[in-house]
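Asker: As you go down the protein sequences, you meet chains A and B in turn.
Mapped onto the numbering used here, the consecutive letters of the first sequence carry residue numbers 584 to 654.
Mapped onto the numbering used here, the consecutive letters of the second sequence carry residue numbers -9 to 481.
Beta carbons are placed, not taken as given, at the ideal position from N, Cα and C, and that holds for glycine.
Bear in mind the structure is a predicted one, so any value in this text is a computation, not a measurement.
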Amino acid sequence: MANYPNYQKWLDVLSQRDAGTLLVCLSALIAISLLWNIRYLAPRFLPIARTIAVAGYFGTFALAILLIKAS
Amino acid sequence: MATNAQILVKARIGTIPGIAWIIGLAGILRFVNLGQENLWYDESFTLLLARLPLGNLLTAIRGDVHPPLWYFVEAVNIRLFGTSEIALRWPSALLGCLAVWQIYRLSLRLGLAERIAKTAGLFCAILPAMLYYSQEARMYMLLTCAVLWMIQSALDERWYQFELAGIIAAYSQNLGLAYVACIGLATLILSRRRLPAFIALGCIGIAWLPWAVWGLSHQIANMSQGFWMAPLTLGGALWPLTSVTMGWRLGDQLQLHIYATSVALSLWGLYRSWGWLRSKAGLIYLAGLLGMPLVLALVSVLWRDIYLHRALLPSAALLMIPWAYGLDSLGKANRRVALVVVAPALAIGVLAHYFPTHSRSDIASWVQPVNQEWRQGDIAYHVAIDSCILSQSYLKHPYYLLPESSDLSQSLTDETKHAVGFPMAPFDSLLTQGYQRAYFFWIDSPMVSQKELNEIARIKDHYWYKVIQESRGQIVGSGIWLVDLNSKDVF
Chain A
584 MANYPNYQKW LDVLSQRDAG TLLVCLSALI AISLLWNIRY LAPRFLPIAR
634 TIAVAGYFGT FALAILLIKA S
Chain B
-9 MATNAQILVK ARIGTIPGIA WIIGLAGILR FVNLGQENLW YDESFTLLLA
41 RLPLGNLLTA IRGDVHPPLW YFVEAVNIRL FGTSEIALRW PSALLGCLAV
91 WQIYRLSLRL GLAERIAKTA GLFCAILPAM LYYSQEARMY MLLTCAVLWM
141 IQSALDERWY QFELAGIIAA YSQNLGLAYV ACIGLATLIL SRRRLPAFIA
191 LGCIGIAWLP WAVWGLSHQI ANMSQGFWMA PLTLGGALWP LTSVTMGWRL
241 GDQLQLHIYA TSVALSLWGL YRSWGWLRSK AGLIYLAGLL GMPLVLALVS
291 VLWRDIYLHR ALLPSAALLM IPWAYGLDSL GKANRRVALV VVAPALAIGV
341 LAHYFPTHSR SDIASWVQPV NQEWRQGDIA YHVAIDSCIL SQSYLKHPYY
391 LLPESSDLSQ SLTDETKHAV GFPMAPFDSL LTQGYQRAYF FWIDSPMVSQ
441 KELNEIARIK DHYWYKVIQE SRGQIVGSGI WLVDLNSKDV F
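1) Cα separation between Ser477 (chain B) and Gln426 (chain B)?
2) Hey, how far is the Cα of Phe430 (chain B) from the Cα of Leu29 (chain B)?
3) Assign Asp451 (chain B) to one of two classes, buried (16 or more other C-beta atoms within 10 Å of its C-beta) or exposed (fewer than that).
4) By the criterion of Cβ-Cβ separation under 8 Å, what are the contact partners of Leu605 (chain A) in chain B?
5) Since Ala119 (chain B) contacts Ala306 (chain B) with CB under 8 Å, what's their CB separation in whole angstroms?
6) Taking the alpha carbon of Gln142 (chain B) as the reference point, which residue from B:Leu273, B:Leu42 and B:Phe62 has its own alpha carbon closest?
7) If the cut is a Cβ gap below 9 Å, which residues of chain A does Leu246 (chain B) touch?
8) Check the Cβ of Asp242 (chain B) against every Cβ in chain A and list those closer than 8 Å, keeping chain order.
9) What does Pro588 (chain A) touch in chain B if you count any residue whose Cβ is under 8 Å from its own?
10) Please classify Tyr623 (chain A): is it buried, with 16 or more other beta-carbons within 10 angstroms of its beta-carbon, or exposed?
11) Return the first residue and the last residue of the beta strand (DSSP E) that Phe430 (chain B) is part of.
12) Could you round the C-beta distance between Pro312 (chain B) and Leu260 (chain B) to whole angstroms and report it? I think they count as a contact, below 8 Å.
13) Which residues mark the beginning and the end of the beta strand (DSSP E) in which Ala370 (chain B) is found?
14) Going along the chain, which residues of its own chain have a beta-carbon closer than 8 Å to the beta-carbon of Trp204 (chain B), five neighbours each way excluded?
15) Pick out whichever of B:Glu33, B:Leu267, B:Asp32 and B:Ala65 has its Cα sitting closest to the Cα of Asn46 (chain B).
16) Just the Cα atoms here: how many angstroms apart are Ala632 (chain A) and Asn620 (chain A)?
17) Under 6 Å Cβ to Cβ from Pro58 (chain B), same chain only, skipping five residues before and after it: list those, please.
18) How about Ala614 (chain A): is its C-beta nearer than 9 Å to some C-beta of chain B?
19) Would Ala314 (chain B) and Leu138 (chain B) be called neighbours here (beta carbons separated by less than 9 Å)?
20) How far does the alpha helix (DSSP H) with Trp198 (chain B) in it reach, from first residue to last?
21) Taking contact to mean 3 or more Cβ pairs, one atom from each stretch, closer than 8 Å, check whether the segment 234 to 253 of chain B and the segment 607 to 618 of chain A are in contact.
22) Span of the alpha helix (DSSP H) holding Gly17 (chain B)?
23) Does the distance from the CB of Ala187 (chain B) to the CB of Trp229 (chain B) come in under 9 Å?
24) Which residues, in order along the segment 258 to 276 of chain B, keep a beta-carbon less than 9 Å from a beta-carbon of chain A?
25) CA-CA distance, Leu257 (chain B) and Gly8 (chain B)?
26) Can you tell which of B:Gly467, B:Glu445 and B:Phe417 has the C-alpha that lies nearest to the C-alpha of Asp474 (chain B)?
27) Would Leu391 (chain B) and Lys407 (chain B) qualify as a contact pair, given that the criterion is a beta-carbon distance under 9 Å?
28) Assess, as a yes-or-no matter, whether the segment 445 to 459 of chain B is touched by the segment 72 to 89 of chain B under the definition of 3 or more beta carbon pairs within less than 8 Å.
29) Can you tell me where the beta strand (DSSP E) with Gln486 (chain B) in it begins and where it stops?
30) What are the residues in the segment 424 to 437 of chain B lying within 8 Å of chain A by C-beta distance?
31) Runs of 4 residues minimum, wholly inside the segment 65 to 124 of chain B: which ones carry the alpha helix (DSSP H) assignment?
32) Using a Cβ distance threshold of 8 Å, determine whether the segment 232 to 248 of chain B contacts the segment 110 to 128 of chain B, with at least three qualifying pairs required.
33) Under a three-way DSSP split, which group does Glu442 (chain B) fall into?
34) Work out the CA separation of Ile296 (chain B) and Ser74 (chain B) for me, nearest whole Å.
35) So which of B:Trp364, B:Leu132, B:Leu15 and B:Thr347 has the shortest CA-CA distance to Asn164 (chain B)?
36) From the DSSP secondary-structure annotation, give me the bridge partner or partners of Gln459 (chain B).
Below, the structure written as structure tokens:
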């Protein structure tokens, strides 16, 4: 590896990517678990939970676009 | 009022099955811009090998990291249809349409409803990663179709087809052997008729043996000197769940939500599919879906890093069935909400495929100034193997390559370089060969060795040059300099 001095830069980029993937998977898992549990534990809150989930999804989506564009 | 002819046409259109429309859509999505992007490194490498006469082709393949089948396919293909981007990519595009049909048939074979099978086929038709590999002149769609065929024939107990599909999988990508092993083992354990399954697997093994002895053992020895794959992490192991479904051409600002949708759909689909996944047929299917990533992860942990995300494309295609089942299993209100999230996510993924943030490089434009300004006494010179291969189809003039050029992945060994017939010479010898000016192509990337970086620095310090092209990204820089060969150490 000593013959390839820039190799470490690539590994750094990959480690950022892998950390991002973990964040994505965790977010998806939490969202699915929350909705699933609400369905069983408090079904009357399901309609509002669905609305909040969709609003949260598109709200944070818009926020991510704005923040990354601004940076 | 409609005429009889119009009524007849409408009636005929009505009899076309839904899956035919979906395959038609898959065809349009795959062929519409097939030749638009330039060939990237791996595709140019495919072309380079496919052009060789048979003897040199075999030697070059032995020094590469892949088995020969795809190169044979492309060798025949380019002799029939030429070497354009469309000519090189159309077999993958056609296989991409076939995969849609295979997923539909497999869903039905697993006992799922027609509408679920159609939805799975539709997902397969529009999935961004499937679109990408259906438009790439590489072996991954062939591997996908072979794996899907293998599962289907295992479930149907059609052993000749099972053998043929297994042989194609093992000869299209070395990691295809892991699919053969997973699906084969599951079939052997779960099939009602074990003897024919055992004989079929034995036949695949016997057919694969010549390649294992002559080619693969040699390739493993070569690869052991390189660092092709990055060390596996948990995030890296999960990454294909996002990249081999929604692709990696999305802008940074879109990735979190689109990828999260893909992961959520996968988790939900697998959870809801648990009922039919426990059946014998379901377990054979599961061996194809999850067996491969598990085997690759296990081998990466215990032996060496072989976790190649592209090789998981067949698993991604198989994942479309739980996606469809998961959505179908929702109640009306929940399904509507899920579609509000999933449909835009897929639409954005498809749009990102056609208007990508991370696209294949426009090599034709990059080398255009060289082609335009070329005059007698000029020569092109590549310090790294990357620019040499990338520009093969677009630079219309003679070139030399630095003899010490190598690559991190050891995918281009000296054996392959000699079989391909790269013209190699030291830069300082160009003047004595009668050349006056050299277009010096350089790349500064993680794959470039210290020797190559030293050569770039040496040319910069000792020669007069004019910058023709130059760009610098986060970790990759590249450029073309027009070097006056008479100017060495004169300033």
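Answerer: With the given structure in hand:
1) 10 Å
2) 21 Å
3) exposed
4) Leu224, Gly225 and Leu228
5) 6 Å
6) B:Leu273
7) Gly603, Leu606, Val607, Ser610, Thr643, Phe644 and Ala647
8) Ile651
9) Gln440 and Leu443
10) exposed
11) Arg427 to Asp434
12) 5 Å
13) Asp368 to His372
14) Arg52
15) B:Ala65
16) 11 Å
17) Ile51
18) yes
19) no
20) Arg184 to Trp201
21) yes
22) Gly8 to Phe21
23) no
24) Trp258 and Tyr261
25) 28 Å
26) B:Phe417
27) yes
28) no
29) Absent from the structure is residue 486 (chain B), since the part of chain B shown begins at -9 and ends at 481.
30) Asp434, Ser435, Pro436 and Met437
31) 75 to 99, 104 to 116 and 118 to 124
32) yes
33) helix
34) 32 Å
35) B:Leu132
36) B:Ile470
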